[in-house]
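Numbering (the working numbering), first residue to last: 3 to 171. For each residue, glycine too, the CB sits at the ideal point set by N, CA and C. Below is one structure, written out as structure tokens, with a few remarks after it.
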């Protein structure tokens with residue numbers, strides 16, 4: 003799409019990292035791709051992180067996004083799980099930065115509010131709105147839907163962040 007900005011949204015996880023790519027021209031959103039990259043639980047942590055690094059690198063090389071957005075970590079009571087999620091999130095932040103992309107971060111409540119209108123929306127509500135906003139998109143997983151929601155959030159908020167006072171239509 004000429005004059006469009008391509009955005010990569012990432013919903014990080016050590017076992018499953020969702021990705022979603024959209025093109026944005028003005029207020030028009032177009033689905034490009036989405037899916038999930040996984041790591042093998044049988045491997046040591048370093049190898050699992052490498053798997054995520056390689057997969058996200060390939061997505062960037064194949065789809066050529068110009069900007070990236072990553073969902074911020076939700077802190078759970080399980081410190082070990084939170085630490086592993088943080089390490090996967092570091093890969094999601096690092097890889098786009100290695101490819102020269104500006105990387106924004108958005109809190110889960112902001113993503114839900116941007117897409118659904120309610121900060122504490124359920125996953126099903128997010129998925130329903132993704133289907134409305136990107137009607138040609140056939141969702142395959144909640145992780146990919148969340149990643150598309152992160153990309154849409156960035157589409158709505160980045161122009162205001164990059165150019166204060168600019169209105170988004």
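Residue burial classification, residue i (beta-carbon count within 10 angstroms, cutoff 16)
| i | result |
| --- | --- |
| residue 60 | exposed |
| residue 150 | buried |
| residue 122 | exposed |
| residue 29 | exposed |
Simplified DSSP state of residue i, which is helix, strand or coil
| i | result |
| --- | --- |
| residue 142 | coil |
| residue 40 | strand |
| residue 33 | strand |
| residue 97 | helix |
| residue 88 | helix |
| residue 150 | helix |
| residue 135 | helix |
| residue 159 | helix |
| residue 169 | With a pLDDT of only 35 at residue 169, under the threshold of 50, the placement of this residue in the model should not be trusted; the figure read from the coordinates follows. If DSSP states are grouped into helix, strand and coil, residue 169 belongs with coil. |
Expected contact under 8 angstroms - CB spacing of residue i and residue j to nearest Å
| i | j | result |
| --- | --- | --- |
| residue 18 | residue 145 | 5 angstroms |
| residue 10 | residue 62 | 7 angstroms |
| residue 127 | residue 118 | 5 angstroms |
| residue 72 | residue 94 | 5 angstroms |
Limits of the unbroken alpha helix (DSSP H) element including residue i
| i | result |
| --- | --- |
| residue 55 | 47-65 |
| residue 27 | From DSSP, residue 27 is part of no alpha helix (DSSP H) but of the beta strand (DSSP E) over 18-27. |
Residue i - partner residues in DSSP beta bridges
| i | result |
| --- | --- |
| residue 73 | 108 |
| residue 12 | 21 and 72 |
| residue 7 | 26 |
Range of the contiguous beta strand (DSSP E) that encloses residue i
| i | result |
| --- | --- |
| residue 118 | No beta strand (DSSP E) contains residue 118, which DSSP labels as neither H nor E. |
Interface flag, residue i vs chain B, CB-CB below 8 angstroms
| i | result |
| --- | --- |
| residue 147 | Of the protein chains in this structure there is only one, and it is not chain B. |
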